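Visitor: Shown below is the structure under consideration.
2 protein chains.
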Amino acid sequence: MIRFFAPALLAFVPASAAIAADPPATPAAVVAAAPASAWRAIAAEDLLVMTIEGGKRVVIQVAPAFAPRHVANIRALARAHWWDGTSINRVQDNYVVQWGDVTEKKPLPPGLSPTSSVDYVRSIANVRLAITPSPSVDAYAPQSGYVDGWPMAMDGDGAWLPHCYGFVGVGRNVSPDAGTGAELYAVNGQAPRQLDRNIAVVGRVIEGMAHLSSLPRGSGELGFYTADEKKVPILSVRLASDLPDVERPRFQAMDVASPSFAAYLHLRANRKDDFYDRPAGGVDLCNAPVPVRAAP
Amino acid sequence: MIRFFAPALLAFVPASAAIAADPPATPAAVVAAAPASAWRAIAAEDLLVMTIEGGKRVVIQVAPAFAPRHVANIRALARAHWWDGTSINRVQDNYVVQWGDVTEKKPLPPGLSPTSSVDYVRSIANVRLAITPSPSVDAYAPQSGYVDGWPMAMDGDGAWLPHCYGFVGVGRNVSPDAGTGAELYAVNGQAPRQLDRNIAVVGRVIEGMAHLSSLPRGSGELGFYTADEKKVPILSVRLASDLPDVERPRFQAMDVASPSFAAYLHLRANRKDDFYDRPAGGVDLCNAPVPVRAAP
Chain E
1 MIRFFAPALL
11 AFVPASAAIA
21 ADPPATPAAV
31 VAAAPASAWR
41 AIAAEDLLVM
51 TIEGGKRVVI
61 QVAPAFAPRH
71 VANIRALARA
81 HWWDGTSINR
91 VQDNYVVQWG
101 DVTEKKPLPP
111 GLSPTSSVDY
121 VRSIANVRLA
131 ITPSPSVDAY
141 APQSGYVDGW
151 PMAMDGDGAW
161 LPHCYGFVGV
171 GRNVSPDAGT
181 GAELYAVNGQ
191 APRQLDRNIA
201 VVGRVIEGMA
211 HLSSLPRGSG
221 ELGFYTADEK
231 KVPILSVRLA
241 SDLPDVERPR
251 FQAMDVASPS
261 FAAYLHLRAN
271 RKDDFYDRPA
281 GGVDLCNAPV
291 PVRAAP
Chain D
1001 MIRFFAPALL
1011 AFVPASAAIA
1021 ADPPATPAAV
1031 VAAAPASAWR
1041 AIAAEDLLVM
1051 TIEGGKRVVI
1061 QVAPAFAPRH
1071 VANIRALARA
1081 HWWDGTSINR
1091 VQDNYVVQWG
1101 DVTEKKPLPP
1111 GLSPTSSVDY
1121 VRSIANVRLA
1131 ITPSPSVDAY
1141 APQSGYVDGW
1151 PMAMDGDGAW
1161 LPHCYGFVGV
1171 GRNVSPDAGT
1181 GAELYAVNGQ
1191 APRQLDRNIA
1201 VVGRVIEGMA
1211 HLSSLPRGSG
1221 ELGFYTADEK
1231 KVPILSVRLA
1241 SDLPDVERPR
1251 FQAMDVASPS
1261 FAAYLHLRAN
1271 RKDDFYDRPA
1281 GGVDLCNAPV
1291 PVRAAP
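Respectively, the protein sequence lines represent chains E and D. Residues 1 to 296 (our numbering) make up the first sequence, in order. Residues 1001 to 1296 (our numbering) make up the second sequence, in order.
What follows is the structure, encoded as structure tokens:
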């Protein structure tokens, strides 16, 4: 993608991309050319469909392998229609958009799992087998890479999902509280990786992030909307697996073990095309998101 | 800052912060407690005041030491009132907000400096003397740190400003074009550091970033607003030094050689307080912005 072309010059892009003899030279071209075998369907029970004011749809993919107890709670909350009628209550610039029950009095459904800080990090044993290493160093972890469709940070003991742009975590009070999953937030700026291992990351926004990131910032402390500011109504939150078949969104994530992902990752770290003269030679974990697409 | 407290618990924060015997335990507390000697005034000729629709003010600090020819052009464009009546034409989620003359036909003022890719990187000689090293590794540069109020990436040959959140760069066409400075953009998501050394970074937004980051995303290619979408009018862009004294904004940036900045940087990399149990032990260059404040 030639991203800084002036609008009038955009007409050149398709022509340039159409030189069939060359291998794809940009990450976007690699993704567009990836064969069906490079894609894996995302399970319907891992898709949370949030509809906010104006009928705007935000789809979140949850990560049960990384946050099993929080994700179990989130599924139970969705099945109880618990978020219906709650709201987005906080938008702090370059940090998070946060939603849930602003009254803090709405009873939770029965049977939620207890959670603790143990849930922030997963045991390393099975992860090592499947990792696609990141090509670059990470300021926040001795090792990083991609596992089963997710970026991942890792040390000798465990693995955890990073707080990347669009990633969703669980609001909580001071330790030892680890949150139930009822209060959620999405990252809307530079990855606040200092939160890694201090809070549960449960998934990522895969559609409609712009509906959250373009919301007005709150003027209260920490970006909470004040009494004078309009909270954004949440109309409903459902698991895709609980929707009628015709209404279910269907998504695929790129297989991080595929040649397409390897080519994509290499190009994210080494841009060199009509626009880029000087490849960086590296890429931050949060700056090479796993490609996700609507199922064709 | 205890950032994930539910709203009802915010009342605890001031009480906790008031335990006078303890040293400041959070980056925000260090900044709040920094003495006057830790702050340096930003020159009025380095402040670009952009007023957009609704009278919303966005203040950009330019970096003449890092991008002298582009900054000279930007000052000339502001003095010619060149941006008055232009517009914000592109908002791409998790990438950039871009503004300038959408018609691409508005004549530029005479006397602008020629630019080239040489302008993307500064000679290293003087920079080394003043660097405050980053405590962490950087995926995009062998060395990084802070110089004269700015974050900085560096290799054996040169130093350059990184594309961090809120940083402002110069739109251009394909190489060898290096842009005049008339087309500008601000980063609105995860730092797109692959652009470093491929494009001129000229400054950073120090006030009003939320006015840009909360704009509706464009639905056209690369996030450009389509013909059906409203471009955001730019009412005026002025250098603060050209404004009447009473209208001039006044800002200060923290001295990166001060003990306060060292304490701030240490805590950004090692959060440990009522909310954080597990310090990261590192911090990305773009996740420890140099503190800036309105002059008291």
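Ideal Cβ placement from N, Cα and C applies to all residues, glycine included. None of these values were measured; they are calculated from a predicted model.
Suppose the cutoff is 6 angstroms on Cβ atoms and the five residues either side in sequence are ignored; what does the same chain contact list for Ser-1236 (chain D) look like?
Guide: In the second sequence, residue 1236 (chain D) corresponds to position 236, counting from 1. Around Ser-1236 (chain D): Thr-1051, Asp-1084.
Visitor: Nearest to Arg-122 (chain E) by alpha carbon, out of E:Met-154, E:Leu-212, E:Ser-113, E:Ile-131?
Guide: Sequence index remark: in the first sequence, residue 122 (chain E) carries index 122 (1-based). Answer by Cα proximity: E:Met-154.
Visitor: Per DSSP, Ile-124 (chain E) forms a beta bridge with which residues?
Guide: Here residue 124 (chain E) is taken as the residue at index 124 of the first sequence, counted from 1. Ile-124 (chain E) pairs with nothing; no bridge assigned.
Visitor: By DSSP's criteria, Leu-48 (chain E) is part of a beta bridge. Which residues make up the other side?
Guide: Start at 1 with the first residue of the first sequence, and residue 48 (chain E) comes out as number 48. DSSP lists E:Ile-60, E:Leu-239 as partners of Leu-48 (chain E).
Visitor: When you compare the CB positions of Val-168 (chain E) and Ala-186 (chain E), do they come within less than 8 angstroms of one another, or not?
Guide: In the first sequence, residue 168 (chain E) corresponds to position 168, counting from 1. In the first sequence, residue 186 (chain E) corresponds to position 186, counting from 1. For Val-168 (chain E) and Ala-186 (chain E), yes; Cβs fall inside 8 angstroms.
Visitor: Does the distance from the C-beta atom of Val-1031 (chain D) to that of Gly-1149 (chain D) stay below 8 angstroms?
Guide: Taking the first residue of the second sequence as position 1, residue 1031 (chain D) is located at position 31. Taking the first residue of the second sequence as position 1, residue 1149 (chain D) is located at position 149. No, these two residues do not count as a Cβ contact at 8 angstroms.
Visitor: So, under 8 angstroms CB-CB, Val-1118 (chain D) and Val-1147 (chain D) are touching, yes? Tell me the CB distance rounded to an integer number of Å.
Guide: Residue mapping note: residue 1118 (chain D) aligns to position 118 of the second sequence, counting from 1. Residue mapping note: residue 1147 (chain D) aligns to position 147 of the second sequence, counting from 1. With 8 angstroms as the limit, Val-1118 (chain D) and Val-1147 (chain D) do not qualify as a contact, their Cβ atoms being about 19 angstroms apart.
Visitor: With 7 angstroms as the limit, tell me which residues of the region 273-284 of chain E have their beta carbon closer than that to any beta carbon of chain A; keep them in chain order.
Guide: Absence of chain A from the displayed structure is noted, the protein chains being E and D.
Visitor: Check the Cβ-Cβ distances between Met-50 (chain E) and every residue of chain D, and say whether any is below 8 angstroms.
Guide: The sequence position of residue 50 (chain E) within the first sequence is 50, counting from 1. No, no contact with chain D.
Visitor: Would you say Ser-1213 (chain D) faces chain E, with C-beta separation under 8 angstroms as the test?
Guide: Locating residue 1213 (chain D) in the second sequence gives position 213, where the first residue counts as 1. Cβ-Cβ to chain E under 8 angstroms: yes for Ser-1213 (chain D).
Visitor: Between the C-alpha atoms of Asp-93 (chain E) and Ala-1210 (chain D), what's the straight-line distance to the nearest angstrom?
Guide: Your numbering for residue 93 (chain E) matches position 93 in the first sequence. Your numbering for residue 1210 (chain D) matches position 210 in the second sequence. Each residue's Cα considered, the two are about 6 angstroms apart.
Visitor: Return the residue from the list D:Ala-1080, D:Val-1283, D:Ser-1213 that minimises the CA-CA distance to Val-1058 (chain D).
Guide: One-based indexing of the second sequence puts residue 1058 (chain D) at position 58. It is D:Ser-1213 whose Cα lies nearest to the Cα of Val-1058 (chain D).
Visitor: Evaluate the contact criterion for the region 1259-1269 of chain D versus the region 154-163 of chain E: three or more CB pairs, one atom per stretch, below 8 angstroms.
Guide: With a cut-off of 8 angstroms, the region 154-163 of chain E and the region 1259-1269 of chain D do not count as touching, because too few Cβ pairs lie within range.
Visitor: In angstroms, rounded to a whole number, what distance separates the CA positions of Pro-109 (chain E) and Val-102 (chain E)?
Guide: As a first step, residue 109 (chain E) is located in the first sequence; it is residue number 109 there, counting from the start. As a first step, residue 102 (chain E) is located in the first sequence; it is residue number 102 there, counting from the start. About 17 angstroms.
Visitor: What residue does the alpha helix (DSSP H) around Ala-76 (chain E) start on, and which one ends it?
Guide: Mapped onto the first sequence, residue 76 (chain E) falls at position 76. Residues 68-79.
Visitor: Out of E:Leu-285, E:Asn-198, E:Asn-89, point me to the one whose CA is closest to Ala-269 (chain E)'s CA.
Guide: Numbered from 1 along the first sequence, position 269 holds the residue referred to as residue 269 (chain E). Residue E:Leu-285 is the option with its Cα nearest to Ala-269 (chain E).
Visitor: Does the beta-carbon distance from Ala-1353 (chain D) to Gln-143 (chain E) come in below 8 angstroms?
Guide: No answer is possible for residue 1353 (chain D): it lies beyond the span of chain D, which begins at 1001 and ends at 1296.
Visitor: Taking Cβ-Cβ distances shorter than 7 angstroms, what residues in chain D pair up with Gly-189 (chain E)?
Guide: Numbered from 1 along the first sequence, position 189 holds the residue referred to as residue 189 (chain E). Per Cβ cutoff of 7 angstroms: Tyr-1165, Gly-1189.
Visitor: With contact counted as at least three CB pairs below 8 angstroms, one residue from each stretch, are the region 1069-1084 of chain D and the region 1226-1240 of chain D in contact?
Guide: Because the criterion of three Cβ pairs below 8 angstroms is met, the region 1069-1084 of chain D and the region 1226-1240 of chain D touch.
Visitor: When the cut-off is 8 angstroms and only beta carbons count, does Asp-93 (chain E) lie next to chain D?
Guide: The residue you call residue 93 (chain E) lines up with position 93 of the first sequence. Judged by the 8 angstroms Cβ criterion, Asp-93 (chain E) is in contact with chain D.
Visitor: Looking only at DSSP bridge pairs, what is Thr-115 (chain E) linked to?
Guide: Counting from 1 along the first sequence, the entry for residue 115 (chain E) is found at position 115. In DSSP, Thr-115 (chain E) forms no bridge with anything.
Visitor: For Met-209 (chain E), go through chain D and note every residue whose CB falls closer than 8 angstroms to its CB, in chain order.
Guide: Counted from its first residue, the first sequence places residue 209 (chain E) at position 209. Here the neighbours are Asp-1093, Asn-1094.
Visitor: Across the region 1271-1280 of chain D and the region 1071-1081 of chain D, are there enough close Cβ pairs to call them in contact, namely three or more that are closer than 8 angstroms?
Guide: No: the two stretches stay apart, fewer than three of their Cβ pairs being nearer than 8 angstroms.
Visitor: Using the Cβ count rule (16 or more neighbours within 10 Å means buried), how would you classify Val-1097 (chain D)?
Guide: The count along the second sequence starts at 1 and reaches residue 1097 (chain D) at position 97. Buried: at least 16 other Cβ atoms inside 10 Å.
Visitor: Count the other CB atoms within 10 Å of the CB of Thr-226 (chain E); is the residue buried (16 or more) or exposed (fewer)?
Guide: Translated into the one-based positions of the first sequence, residue 226 (chain E) becomes position 226. Exposed, because fewer than 16 other Cβ atoms sit within 10 Å of the Cβ of Thr-226 (chain E).
Visitor: Determine, using beta carbons only, whether Leu-222 (chain E) and Trp-99 (chain E) come nearer to each other than 8 angstroms.
Guide: Residue mapping note: residue 222 (chain E) aligns to position 222 of the first sequence, counting from 1. Residue mapping note: residue 99 (chain E) aligns to position 99 of the first sequence, counting from 1. In this structure, Trp-99 (chain E) does not lie closer than 8 angstroms to Leu-222 (chain E) by Cβ.
Visitor: Is Gln-190 (chain E) helix, strand or coil by DSSP?
Guide: As a first step, residue 190 (chain E) is located in the first sequence; it is residue number 190 there, counting from the start. Three-state DSSP puts Gln-190 (chain E) in coil, outside helix and strand.
Visitor: Closer than 8 angstroms, Cβ to Cβ, to anything on chain D: give me those residues from the region 70-89 of chain E, in chain order.
Guide: Those residues of the region 70-89 of chain E that come within reach of chain D (Cβ to Cβ, closer than 8 angstroms) are Asn-89.
Visitor: Roughly how many angstroms lie between the CA atoms of Pro-216 (chain E) and Val-91 (chain E), to the nearest whole one?
Guide: Looking up residue 216 (chain E) in the first sequence gives position 216. Looking up residue 91 (chain E) in the first sequence gives position 91. Whole-angstrom Cα-Cα distance: 7 angstroms.
Visitor: Helix, strand or coil, according to DSSP, for Arg-1268 (chain D) in the structure here?
Guide: As a working mapping, residue 1268 (chain D) is identified with position 268 in the second sequence. Helix.
Visitor: Need the endpoints of the beta strand (DSSP E) that Pro-1151 (chain D) sits in, please.
Guide: As a working note, residue 1151 (chain D) is residue 151 in the second sequence. Per DSSP, Pro-1151 (chain D) belongs to the beta strand (DSSP E) from 1150-1154.
Visitor: So for Pro-1171 (chain D), helix, strand or coil by DSSP?
Guide: Reading the second sequence from its first residue, position 171 is the one you call residue 1171 (chain D). It is worth fixing the name first, because residue 1171 (chain D) is Gly in this sequence and not Pro. Residue state, collapsed to three classes: coil.
Visitor: Does any C-beta atom of chain D lie closer than 8 angstroms to the C-beta of Ala-139 (chain E)?
Guide: Here the question's residue 139 (chain E) lines up with position 139 in the first sequence. For Ala-139 (chain E), the answer is yes, since a Cβ of chain D falls inside 8 angstroms of its Cβ.
Visitor: Taking buried to mean at least 16 other C-beta atoms within 10 Å of its own C-beta, is Gly-55 (chain E) buried or exposed?
Guide: As a working mapping, residue 55 (chain E) is identified with position 55 in the first sequence. With fewer than 16 other Cβ atoms within 10 Å, it is exposed.
Visitor: At which residues does the alpha helix (DSSP H) containing Ser-1213 (chain D) begin and terminate?
Guide: Here residue 1213 (chain D) refers to the residue found at position 213 of the second sequence. Element bounds for Ser-1213 (chain D): 1209-1213.
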